[in-house]
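Going down the list, the sequences are from chains A and B. Quick note: the first sequence uses my numbering, first residue 1, plus one each step. Quick note: the second sequence uses my numbering, first residue 1, plus one each step. Glycine included, every Cβ here is placed at the ideal spot set by N, Cα and C.
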Amino acid sequence: MPWNPLIVAFCCNWCSYAGADLAGTSRLAYPATVRIIRVPCSGRVNPQYIVRAFQRGADAVLVAGCHPGDCHYSTGNYFTRRRFLLARTFLEYLGVEPERFQVRWISGSEGPKFQETIKEITQAVRALGPNRKLRDES
Amino acid sequence: MTDATSQIREIARNLLSEGRVQTVLGYEEAPLGLGLRPAFVREPSGTGRLVFDARPTLGLARYLPGEIASALARAEDGAAGSGGTTRGATVAVVAKGCDVRAVLRLVADRRIRRENVILIGVPCSGSIDEERFPRLIAKCSGCDARLPEGCDFTIETMAEPRPADRHRPLKVEDLEGMTADERYTFWQRQFARCIRCFACRSVCPACGCRECALESRSPVWLERDVNPSTQSMFHFMRLMHTAGRCVDCGECERVCPVGIPLTLLTRKLMSDIRTLFGVEHPETPGDSEPLARFGLSDPEEFI
Ligand code: SF4
Ligand code: SF4
Ligand code: SF4
Numbered sequence: 001m002p003w004n005p006l007i008v009a010f011c012c013n014w015c016s017y018a019g020a021d022l023a024g025t026s027r028l029a030y031p032a033t034v035r036i037i038r039v040p041c042s043g044r045v046n047p048q049y050i051v052r053a054f055q056r057g058a059d060a061v062l063v064a065g066c067h068p069g070d071c072h073y074s075t076g077n078y079f080t081r082r083r084f085l086l087a088r089t090f091l092e093y094l095g096v097e098p099e100r101f102q103v104r105w106i107s108g109s110e111g112p113k114f115q116e117t118i119k120e121i122t123q124a125v126r127a128l129g130p131n132r133k134l135r136d137e138s
Numbered sequence: 001m002t003d004a005t006s007q008i009r010e011i012a013r014n015l016l017s018e019g020r021v022q023t024v025l026g027y028e029e030a031p032l033g034l035g036l037r038p039a040f041v042r043e044p045s046g047t048g049r050l051v052f053d054a055r056p057t058l059g060l061a062r063y064l065p066g067e068i069a070s071a072l073a074r075a076e077d078g079a080a081g082s083g084g085t086t087r088g089a090t091v092a093v094v095a096k097g098c099d100v101r102a103v104l105r106l107v108a109d110r111r112i113r114r115e116n117v118i119l120i121g122v123p124c125s126g127s128i129d130e131e132r133f134p135r136l137i138a139k140c141s142g143c144d145a146r147l148p149e150g151c152d153f154t155i156e157t158m159a160e161p162r163p164a165d166r167h168r169p170l171k172v173e174d175l176e177g178m179t180a181d182e183r184y185t186f187w188q189r190q191f192a193r194c195i196r197c198f199a200c201r202s203v204c205p206a207c208g209c210r211e212c213a214l215e216s217r218s219p220v221w222l223e224r225d226v227n228p229s230t231q232s233m234f235h236f237m238r239l240m241h242t243a244g245r246c247v248d249c250g251e252c253e254r255v256c257p258v259g260i261p262l263t264l265l266t267r268k269l270m271s272d273i274r275t276l277f278g279v280e281h282p283e284t285p286g287d288s289e290p291l292a293r294f295g296l297s298d299p300e301e302f303i
């Protein structure tokens with residue numbers, strides 16, 4: 001069976017999940033590489049979730065939330081931004097390729113942006129090949 | 001000027017005999033010439049045991065929450081008997097610059113109150129054991145905390161910094177210059193040595209949760225079986241949980257029995273916090289730590 005990238009996407013309930021939904025109802029095609037996990041807010045995503053996703057076989061992880069300023073809880077995504085700026089440089093320092101962990105702001109009306117994001121990440125991960133780093137193979 | 005040991009003994013004797021503290025936390029000779037070990041001195045007559053010199057010592061901040069709690073409990077018992085108050089229920093602690101920051105970490109995290117501690121600061125030239133291992137220990141290289149600040153007492157000693165060591169070949173920048181694969185291999189080799197004794201966590205003044213996520217059984221974050229993936233998860237968690245609150249005391253690295261260069265990880269986080277969020281001294285405990293807040297003008301790299 002040919003290898004297909006597996007992307008785990010943590011989408012905030014209020015914006016990015018709605019954006020993904022809109023991509024679906026608008027029949028915007030994107031690769032079937034993504035598994036969406038709905039979270040109340042991108043600020044709910046614990047950096048451990050990223051490592052856990054890599055452990056269980058993700059080739060890339062996406063955290064998607066409302067644009068800064070648009071958070072349903074006012075400030076959740078500002079914490080997200082700070083936390084994941086740091087988590088990203090740290091993962092890179094541990095040796096994970098930066099393409100494999102991404103954060104995007106996708107609003108509820110940005111179906112096409114969701115589509116584009118999944119296309120882009122899928123392409124980048126295809127170029128890198130399957131991820132073995134941090135994977136639990138035991 | 002008398003040496004540090006005599007000065008510490010005198011301060012300790014006065015504090016204990018005046019009833020200003022119930023315990024002095026300091027150091028004494030361990031049996032068999034094994035170096036300095038923590039000493040809990042509770043009577044003026046015990047102060048003769050106290051010793052201090054350049055030999056590496058365990059930071060004592062970790063003992064403060066427990067020692068202060070029992071001092072307060074004893075004082076309350078005493079107060080109930082004599083109709084007095086709980087004043088004077090304090091603990092004095094001998095601290096180098098790095099240890100002072102560790103104590104202030106506990107204060108900032110509200111694990112202890114500043115008024116329950118008396119800080120006996122000792123200027124430090126860097127830890128070294130002339131007889132057993134005549135080299136500056138790694139954490140002291142480049143330390144800028146040699147003169148303890150904000151102490152209640154400060155020992156008078158000469159604290160000329162010892163020259164930096166030569167046995168620390170790698171720095172954060174060296175690793176940053178490698179490729180992702182090289183860094184991955186480097187860290188996997190380091191983590192493979194880890195026996196998960198948790199000493200790095202237990203000694204850390206920034207690790208204070210009553211229930212540690214590393215030991216959580218529901219959900220299980222850290223599996224018991226040891227493989228490269230779970231080893232990485234352990235280190236990632238410990239580092240992320242202390243990011244922004246690490247005081248750069250270097251104790252995690254110093255106590256690690258297998259010599260993992262843990263300050264190469266803590267200092268990377270600190271340097272990124274500095275450059276990304278403009279926090280000049282992330283190692284100094286404050287009212288609100290870098291990851292407990294945000295800046296509206298934080299870098300926007302996520303589009
Ligand atoms: S880290 Fe600094 S203050 Fe602490 S023992 Fe080393 S030189 Fe002294
Ligand atoms: S002290 Fe060293 S060996 Fe022990 S758990 Fe920490 S890194 Fe692993
Ligand atoms: S992570 Fe290490 S250097 Fe930082 S506060 Fe904890 S023990 Fe000290």
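- Note that the C-beta distance between B/Met-233 and A/Gln-55 is below 8 Å.
- Residue range 36-41 is occupied by the beta strand (DSSP E) that includes B/Pro-38.
- If you ignore the 5 residues before and after B/Arg-162, its C-beta comes within less than 7 Å of the C-beta of Ser-125, Gly-126, Ile-128, Leu-136, all in its own chain and listed in chain order.
- Contact between B/Gly-121 and B/Cys-151 holds: CB atoms are separated by about 3 Å, below the 8 Å threshold.
- Residues of chain A with a Cβ closer than 8 Å to the Cβ of B/Ser-127 do not exist; the shortest Cβ-Cβ separation is about 27 Å.
- At a cut-off of 3 residues, the continuous stretches assigned as beta strand (DSSP E) that sit fully inside the segment 85-134 of chain A are 101-105.
- With a threshold of 7 Å, the Cβ atom of B/Glu-251 counts as near ligand 3, since some heavy atom of the ligand is closer than that.
- Rounded to whole angstroms, A/Val-8 and A/Arg-52 show a C-alpha spacing of 10 Å.
- Around B/Arg-74, the same chain offers Gln-22, Ala-89 as residues with beta carbons nearer than 8 Å, after the five sequence neighbours per side are excluded.
- Sorting B/Glu-149, B/Arg-274, B/Ala-180, B/Leu-170 by C-alpha distance to the C-alpha of B/Leu-262 places B/Leu-170 at the top.
- Of the residues assessed, B/Gly-66 falls on the exposed side of the cut-off, its CB having fewer than 16 other CB atoms within 10 angstroms.
- The Cβ atoms of A/Thr-80 and A/Val-96 lie no closer than 8 Å to each other.
- Between the segment 190-207 of chain B and the segment 234-244 of chain B, the count of C-beta pairs closer than 8 Å reaches three or more; the two stretches touch.
- By the CB criterion at 8 Å, B/Asn-227 and A/Ser-138 fall inside the cutoff.
- Going by beta carbons, B/Val-172 and B/Lys-268 fall inside the 8 Å limit.
- For B/Ala-95, the enclosing beta strand (DSSP E) covers residues 91-95.
- Residue range 7-12 is occupied by the beta strand (DSSP E) that includes A/Cys-12.
- In this model, A/Thr-122 and A/Ala-29 are separated by some 13 Å (Cα to Cα).
- Judged by pairs of C-beta atoms under 8 Å, the segment 103-119 of chain A does not touch the segment 202-214 of chain B, as fewer than three such pairs exist.
- Taking CB atoms only, B/Ser-229 has a neighbour in chain A less than 8 Å away.
- Ligand 1 never approaches B/Cys-200 closely enough for any of its heavy atoms to be under 7 Å from the residue's Cβ.
- A residue is called buried when at least 16 other Cβ atoms come within 10 angstroms of its Cβ; A/Ala-18 meets this threshold and is buried.
- The C-beta distance from B/Ala-39 to B/Tyr-27 rounds to 6 Å, short enough to meet the 8 Å contact threshold.
- Assignment of B/Leu-25 by DSSP, reduced to helix, strand and coil, places it in the strand class.
- About 24 Å separates the Cβ atoms of B/Lys-96 and B/Pro-31, ruling out a contact at the 8 Å cut-off.
- The DSSP-derived three-state label of A/Ile-36 is strand.
- Around A/Ser-109, no beta-carbon contact reaches into chain B at under 7 Å, the shortest distance being about 16 Å.
- Around A/Phe-79, the beta-carbon contacts reaching into chain B at under 7 Å are Phe-294.
- Contact annotation: B/Phe-302 and B/Pro-290 have beta-carbon atoms that are not nearer than 8 Å.
- A straight-line Cα-Cα distance of about 20 Å links B/Thr-284 and B/Ser-202.
- In this structure B/Leu-60 is not in contact with B/Pro-205, their Cβ atoms being roughly 10 Å apart against a cut-off of 8 Å.
- In the three-state DSSP reduction, B/Ala-12 falls in the helix class (H, G or I).
- Selection around ligand 1 by beta-carbon proximity, strictly under 6 Å to any non-hydrogen atom, yields B/Lys-96, B/Gly-97, B/Cys-98, B/Cys-124, B/Gly-126, B/Ser-127, B/Lys-139, B/Cys-140, B/Cys-143, B/Ala-145, B/Arg-146, B/Gly-250 in chain order.
- The residues Ser-127, Ile-137, in chain order, have a CB closer than 6 Å to that of B/Pro-56 in the same chain once the five nearest residues on each side in sequence are set aside.
- Residues of chain A whose Cβ lies closer than 9 Å to the Cβ of B/Leu-276 are, in chain order, Arg-82, Leu-85, Leu-86, Thr-89.
- Contact of A/Asp-136 with chain B is assigned, a C-beta pair being separated by under 8 Å.
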